[in-house]
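Engineer: Could you have a look at this structure, given as structure tokens, before my questions?
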Amino acid sequence: MKPLFCSLSLIACFSSTAMTWQCPTHEQQLGAKYSIEYTQNGQSQIETFELWRSHQQVAHAGKNNITEVWQKLSNDQIRPIRYFEDYQHGIEYQPIDLTGQGSVPAWQDKYQLITQAQLNNMTMKDQHGEGCQQVQRFVLNNEAIQLTIEWLPQLHLVKSLQAVRAQHTEQWQLEQLIVATEQVKAQFNRWDNFQTTDYADIGDNESNPLLAKMIKQGFIEHGASGFYNADGTAIHSGHHH
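Numbered according to mature numbering (1 follows the signal peptide of the UniProt record, and there is no 0), the sequence shown spans residues -18 to -1, 1 to 223.
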């Protein structure tokens, strides 16, 4: 997935593993836990990724104990908050902070990991199941990539994804679907209870250990994306989604 999160831009997974789940009350409120396997030159690496939705908020929790929550505003702009789990601290960004760092991420890209436009560019090969159990299989084959997606249309959710390139394969598989409303609310409440700092005010908060590391690293570097690892290292623009 991307240097900020996970999405189709990184590409991902396919598996024929049978899986059934309880249907959520609403597709806007759920949690989805994925396993991700990267294979390159015969070497494999396995990671996990979590997608959480609560109406106009979406959270992506991945490696390095970093979680990003994206909030859809009334004007359809997207505002991110990056939470550092080890510090129980977050950095709040305004949509304007993302300008100049490439296109502001589309809401669909965050909400369902792939946009409808991307699905429209693929060919649906088959489908089976009913209701929230319905699965559609999409494929895309060209000189650059062989991509297969299992899609849950009722949930607007990726079930699996497999991307095969010359020396690199990336596979994602949905391992667990969380539909209990209280569990989803509790997850977002946990992040809401973290202390936060506005990105514009980082320089005035040198007493915070995380922010002090950022300042020591020179967080106002020209060309940096404004996003940082837990050790204070700037992550330059580009998507790992």
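Ideal placement from N, C-alpha and C gives every residue a C-beta, glycine not left out. Computed from a prediction, not measured in an experiment: that's the story for all the values here.
For residue 186, which beta-bridge partners are listed by DSSP?
Structural biologist: Walking along the sequence shown from the start, residue 186 turns up at place 204. Answer by DSSP bridge pairing: none, since residue 186 is not bridged.
Engineer: Per DSSP, which residues does residue 30 bridge with? Please list them.
Structural biologist: In the sequence shown, counting from the first residue as 1, residue 30 sits at position 48. Beta-bridge pairing links residue 30 to 17.
Engineer: Just curious, the alpha helix (DSSP H) that residue 174 is in, first and last residue?
Structural biologist: Residue 174 sits at position 192 when you count from the first residue of the sequence shown. Unbroken alpha helix (DSSP H) run through residue 174: 163 to 174.
Engineer: To the nearest angstrom, how far is the alpha carbon of residue 92 from that of residue 42?
Structural biologist: Your numbering for residue 92 matches position 110 in the sequence shown. Your numbering for residue 42 matches position 60 in the sequence shown. Cα to Cα, the separation comes out at about 8 Å.
Engineer: Measure from the alpha carbon of residue 179 to the alpha carbon of each residue in 144, 136, 72, 89, then state which is nearest.
Structural biologist: Here the question's residue 179 lines up with position 197 in the sequence shown. For the residues 144, 136, 72, 89, the minimum Cα distance to residue 179 belongs to 72.
Engineer: Which stretch, first to last residue, makes up the alpha helix (DSSP H) that contains residue 94?
Structural biologist: Looking up residue 94 in the sequence shown gives position 112. 89 to 94 is the span of the alpha helix (DSSP H), which, as asked, contains residue 94.
Engineer: For the 8 Å Cβ check, are there 3 or more pairs between the region 156 to 173 and the region 27 to 44?
Structural biologist: The region 156 to 173 is in contact with the region 27 to 44.
Engineer: Restricting to Cα atoms, I'd like to know which of 61, 10, 67 is closest to residue 173.
Structural biologist: Reading the sequence shown from its first residue, position 191 is the one you call residue 173. Per the Cα distances, 67.
Engineer: If you measure between the beta carbons of residue 153 and residue 19, is that distance less than 9 Å?
Structural biologist: Residue mapping note: residue 153 aligns to position 171 of the sequence shown, counting from 1. Residue mapping note: residue 19 aligns to position 37 of the sequence shown, counting from 1. Yes, Cβ-Cβ distance for residue 153 and residue 19 is below 9 Å.
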